[in-house]
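K.L.:
One structure, pasted below without further comment.
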Amino acid sequence: MSYNCKINAQNDNIIPNNYAEVRVLLDQYYEITARKYGTFHDYDSKKVSKDLKDIPTDDGTEGSINRKEGIAGDLFESDILLTLPQVKALLNEDIKGRNNRQAIRGMRYNWVKTPISYHFGSSDVKWRNLIRTALHHIEMETCVRFKENGDNKNYIYFTRASGCWSNVGKIGGRQLISIGFGCEAMGIVAHEVLHALGLWHEQSRSDRDNNIWINHINIYPGTQGNFEKRTTLNTDNMGLSYDYGSLMHYASKAFTINYDRYTIETRDRRYQQTIGQREALSFKDAKMINLRYCNDTCKYQMNCYNGGYTNPNNCYKCKCPSGLGTPKCGGELWANDDYQTITSTNLYGNIHCVWRIRSKARVLVYVDELQLPCKETCTSYLELKFKEDMIPTGSRHCCGPPNVWIASEKDAIIIIYSVNILINGSDTQGFKLRYKLCKF
73 MSYNCKINAQ NDNIIPNNYA EVRVLLDQYY EITARKYGTF HDYDSKKVSK
123 DLKDIPTDDG TEGSINRKEG IAGDLFESDI LLTLPQVKAL LNEDIKGRNN
173 RQAIRGMRYN WVKTPISYHF GSSDVKWRNL IRTALHHIEM ETCVRFKENG
223 DNKNYIYFTR ASGCWSNVGK IGGRQLISIG FGCEAMGIVA HEVLHALGLW
273 HEQSRSDRDN NIWINHINIY PGTQGNFEKR TTLNTDNMGL SYDYGSLMHY
323 ASKAFTINYD RYTIETRDRR YQQTIGQREA LSFKDAKMIN LRYCNDTCKY
373 QMNCYNGGYT NPNNCYKCKC PSGLGTPKCG GELWANDDYQ TITSTNLYGN
423 IHCVWRIRSK ARVLVYVDEL QLPCKETCTS YLELKFKEDM IPTGSRHCCG
473 PPNVWIASEK DAIIIIYSVN ILINGSDTQG FKLRYKLCKF
């Protein structure tokens, strides 16, 4: 079969010469995985791309953009440009069995020489500034540094091809990241850069079945391979828990055959609107990059709690999970036998408030009222962190109260109220909740 890869940048033949071979092997992989779920046909990337393009989606992720661009069938997991060794390893994994994937294991795919050089393939000022903003965001959260027009022989080349896509890990030489039309969101750019730094998608982890269901009946036939798990031979979760709020997580309707149907459901339904965010790195995303690149940055390691760790950008401070730093509003509260109330009265505009509620045992919370713009993935939300592990993102709510009592797993619960009027406007917003000491 002859491949006319639509992901080529206009007037810039930058796709590797062997990508046609990659596409042949990727098609084989998709056919093999489709058979396992009762679907068998000759995989045709052009037909897949066309059919997915005709199914309207707009979940704010790179996946929905690449569907609109008609390139979903040319990529792996919606936005990954595989190398020939990677697609061969993928086929080999399918034969030998699967176990675990999050970050590429070992130093081979790490960017050893820093700062990481990058260059632009477009002169558009607004486009360049967006990418600079995303790189600065990563620098603020990690020890990784980038240098524009640096002279390293291995470098990132930002191009404006069709759609949003990237390689995973350092592959050597000029390495492409496409930030095409429609991809102009800081979180999407950061998502693609995290791929280049070595991170795969969150829902590909071996432990994902403890956290999510994959509804294979709702997946477009032939694309089931985009939901497979990888092996521990080449990847590492670095001991960190599954994070519904990871910047690297698929949205609920990735590769759906019908936009009314979920392909991914969270086992704990309170987290359904947490998955698929493209706003910023989660605490866990940043920690994974810092574990990968920054272990030698600080000679002295702070004694940090609740999954915090020595901040590689300030070696004399702890970098704390969301909700455990110093809040600009909210405060510390104590739960007792009587119901107490928190409301958002007099909170307007862009808001990020944190309340930490503690007790001598556990804390019980019930949300009575919640008015926020309702979206598949919340962009303004009331977040509840009630798990013992404080590293992952809490459950985010924006379509009304969760209508259940929530009990903390230990002696504290964190309430985060975040409103972004730039995305959601200034419509009616607010919440009211009750809390008390939990005795059971």
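Quick note on numbering: our numbering labels position 148 of the sequence shown as 220, and the sequence is numbered without any gaps. Glycine residues also receive a C-beta, built at the ideal position from the N, C-alpha and C atoms. Note that the structure is a prediction, hence the values are computed from the model and not measured.
Can you tell me whether V94 is buried or exposed, with buried defined as 16 or more other CB within 10 angstroms of its CB?
P.N.:
Taking the sequence shown and counting its residues from 1, the one referred to as residue 94 is at position 22. Label assigned to V94: buried.
K.L.:
Give the secondary structure of S117 by DSSP, where H, G and I count as helix, E and B as strand, and everything else as coil.
P.N.:
Start at 1 with the first residue of the sequence shown, and residue 117 comes out as number 45. Here S117 sits in helix by DSSP.
K.L.:
Given a threshold of 16 other Cβ atoms within 10 Å of its Cβ, counted over all protein chains shown, does N90 qualify as buried or as exposed?
P.N.:
For the purposes of this step, residue 90 is taken as residue 18 along the sequence shown, with counting starting at 1. With fewer than 16 other Cβ atoms inside 10 Å of its own Cβ, N90 counts as exposed.
K.L.:
Starting from the N-terminal side, write out each stretch of the alpha helix (DSSP H) that is 4 residues or longer and does not extend beyond the segment 186–267.
P.N.:
197–213
K.L.:
Label H267 either buried or exposed according to how many other C-beta atoms from any shown protein chain fall within 10 Å of its C-beta, with 16 as the threshold for buried.
P.N.:
Here residue 267 corresponds to residue number 195 of the sequence shown, with the count starting at 1. Flag for H267 reads buried.
K.L.:
When the Cα of I284 is compared with those of C255, A323, L269, which residue comes out closest?
P.N.:
Stepping through the sequence shown from its first residue, residue 284 is reached at position 212. Ranking the options by Cα distance to I284, first place goes to A323.
K.L.:
State the beta-bridge partners of I289 as determined by DSSP.
P.N.:
Indexing the sequence shown from 1 puts residue 289 at position 217. None, per the DSSP bridge assignment.
K.L.:
Return the residue from the list I429, L494, E441, R180 that minimises the CA-CA distance to Y507.
P.N.:
As a first step, residue 507 is located in the sequence shown; it is residue number 435 there, counting from the start. Checking every option, the nearest Cα to that of Y507 belongs to I429.
K.L.:
Measure from the alpha carbon of Y181 to the alpha carbon of each residue in S452, W272, S431, T415, then state which is nearest.
P.N.:
Within the sequence shown, the letter at position 109 stands for residue 181. The shortest Cα separation from Y181 among S452, W272, S431, T415 belongs to W272.
K.L.:
Could you check the C-alpha separation between G379 and T214 for me, to the nearest Å?
P.N.:
Against the sequence shown, residue 379 aligns to sequence position 307. Against the sequence shown, residue 214 aligns to sequence position 142. Answer to the nearest angstrom: the Cα atoms are 16 Å apart.
K.L.:
Span of the beta strand (DSSP E) holding R468?
P.N.:
Within the sequence shown, numbered from 1, the residue matching residue 468 stands at position 396. 467–469 is the extent of the beta strand (DSSP E) around R468.
K.L.:
Ignore the nearest five residues each way along the sequence and tell me which others in I188's own chain have a CB closer than 6 Å to its CB.
P.N.:
Reading the sequence shown from its first residue, position 116 is the one you call residue 188. Taken in chain order, the residues that qualify are F218.
K.L.:
Can you give me the Cβ contacts of S354 inside the same chain, cut-off strictly under 7 Å, excluding the 5 residues immediately before and after it?
P.N.:
Residue 354 sits at position 282 when you count from the first residue of the sequence shown. Within the same chain, D315, G317, S318, L319, T465 come within 7 Å of S354 by CB-CB distance, once the 5 residues on both sides are set aside.
K.L.:
Under a three-way DSSP split, which group does S276 fall into?
P.N.:
Position 204 of the sequence shown holds residue 276. Three-state DSSP puts S276 in a helix.
K.L.:
Checking the sheet assignment: what are the DSSP bridge partners for I488?
P.N.:
Indexing the sequence shown from 1 puts residue 488 at position 416. I488 pairs with V426, E455.
K.L.:
Return yes when the Cβ of I291 is within less than 8 Å of the Cβ of S234, no when it is not.
P.N.:
One-based indexing of the sequence shown puts residue 234 at position 162. One-based indexing of the sequence shown puts residue 291 at position 219. The answer is no: Cβ separation not under 8 Å.
K.L.:
Would you kindly work out how many angstroms separate the C-alpha atoms of P474 and L405, rounded to a whole number?
P.N.:
As a first step, residue 474 must be located in the sequence shown, where it is residue number 402. As a first step, residue 405 must be located in the sequence shown, where it is residue number 333. Distance between the alpha carbons of P474 and L405: 22 Å.
K.L.:
Round the Cβ separation of K478 and F458 to the nearest angstrom and send it over; I've been treating them as touching at under 8 Å.
P.N.:
Taking the first residue of the sequence shown as 1, we reach residue 478 at position 406. Taking the first residue of the sequence shown as 1, we reach residue 458 at position 386. The sequence shown places Ile at residue 478, rather than the Lys named in the question. At roughly 5 Å, the Cβ-Cβ gap stays under 8 Å, so I478 and F458 are in contact.
K.L.:
If you run the structure through DSSP and keep just helix, strand and coil, what is E165?
P.N.:
Reading the sequence shown from its first residue, position 93 is the one you call residue 165. Here E165 sits in helix by DSSP.
K.L.:
Quick one, which of A352, Y377, N383, D357 has its alpha-carbon nearest Y367's?
P.N.:
The residue you call residue 367 lines up with position 295 of the sequence shown. This sequence places Asn at residue 367; Tyr is not what is there. When only C-alpha atoms are compared, the closest one is N383.
K.L.:
If distances are taken between C-alpha atoms only, which option among C425, S431, R232 comes closest to Y42?
P.N.:
Outside the displayed range of the chain (73 to 512) lies residue 42, so it cannot be described from this structure.
K.L.:
Count the other CB atoms within 10 Å of the CB of H469; is the residue buried (16 or more) or exposed (fewer)?
P.N.:
Residue numbering aside, residue 469 sits at position 397 when the sequence shown is read from its first letter. The residue is buried, with at least 16 neighbouring Cβ atoms inside 10 Å.
K.L.:
Taking C-alpha atoms, which residue in A257, V261, G259, Q296 lies nearest to S276?
P.N.:
Looking up residue 276 in the sequence shown gives position 204. It is Q296 whose Cα lies nearest to the Cα of S276.
K.L.:
Could you say if the segment 360–375 and the segment 482–494 meet the contact criterion of at least three C-beta pairs nearer than 8 Å?
P.N.:
no
K.L.:
Would you tell me roughly how many angstroms separate the C-alpha atoms of A206 and T129, rounded to the nearest one?
P.N.:
What you label residue 206 is simply residue 134 of the sequence shown in a count that begins at 1. What you label residue 129 is simply residue 57 of the sequence shown in a count that begins at 1. Approximately 24 Å between the Cα atoms of the pair.
K.L.:
Alpha carbon to alpha carbon, how far is T346 from L389? Give it in angstroms, no decimals.
P.N.:
Counting from one through the sequence shown, the residue named residue 389 turns up at place 317. Counting from one through the sequence shown, the residue named residue 346 turns up at place 274. Just to set this straight, residue 389 is Lys in the shown sequence, not Leu. So the alpha carbons of these two residues sit roughly 29 Å apart.
K.L.:
Taking the beta carbon of H321 as the centre, do at least 16 other beta carbons fall within 10 Å, making it buried, or is it exposed?
P.N.:
Residue mapping note: residue 321 aligns to position 249 of the sequence shown, counting from 1. Buried, since its Cβ has 16 or more Cβ neighbours within 10 Å.
K.L.:
Which residues in the same chain as R170 place their Cβ atom closer than 8 Å to its Cβ, once the five residues preceding and following it in sequence are excluded?
P.N.:
To locate residue 170, count along the sequence shown from 1; it is residue 98. Legend: pLDDT at R170 = 47, less than 50; position of this residue unreliable, value from coordinates given subsequently. Excluding positions up to five away in sequence, the list reads S278, E300, K301, R302, T303.
K.L.:
Tell me whether R170 sits in a helix, a strand or coil according to DSSP, three-state version.
P.N.:
Reading the sequence shown from its first residue, position 98 is the one you call residue 170. Any reading at R170 must be qualified, since the residue scores a pLDDT of 47, below 50, and its modelled position is unreliable; no value is offered.
K.L.:
Drop a sphere of 10 angstroms on the beta-carbon of I289, count the other beta-carbons inside from all chains shown, and report buried for 16 or more, exposed for fewer.
P.N.:
On the sequence shown, position 217 is the one that residue 289 refers to. The residue in question, I289, is exposed, as its Cβ has fewer than 16 Cβ neighbours within 10 Å.
K.L.:
For A352 and G259, which I take to be in contact (beta-carbon distance under 8 Å), what is that distance rounded to the nearest angstrom?
P.N.:
For the purposes of this step, residue 352 is taken as the residue at position 280 of the sequence shown. For the purposes of this step, residue 259 is taken as the residue at position 187 of the sequence shown. Rounded to the nearest angstrom, the Cβ distance from A352 to G259 is 6 Å, consistent with a contact under 8 Å.
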